[in-house]
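In this note's numbering, the protein residues as written are 122 to 184.
Encoded as structure tokens, the structure appears first; notes follow it.
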């Protein structure tokens with residue numbers, strides 16, 4: 122089984138990227154967070170299902 126996750130990054134820019142809607146996300150068997158963000162202002166999430174992930178289901182990050 123392939124391991125997938127979602128990471129969204131503003132590429133180390135000085136200003137935060139604005140807005141990231143996530144309606145429905147399911148991740149299983151990943152060695153890292155299901156959804157990881159860096160430098161994103163305004164993340165909204167509906168349903169995030171994370172099963173057997175190595176870290177957290179959602180990891181909001183700041184640069």
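C-beta atoms are modelled at their ideal positions from N, C-alpha and C, and glycine is treated no differently.
Check: Considering only DSSP beta bridges, list what residue 182 is partnered with.; Outcome: 159
Check: By how many angstroms is the C-alpha of residue 135 removed from the C-alpha of residue 145?; Outcome: 29 Å
Check: Out of 150, 128, 159 and 143, state which residue places its alpha-carbon closest to the alpha-carbon of residue 167.; Outcome: 143
Check: Work out the CA separation of residue 127 and residue 164 for me, nearest whole Å.; Outcome: 13 Å
Check: Spell out the partners DSSP gives residue 142 in its beta bridges.; Outcome: 165
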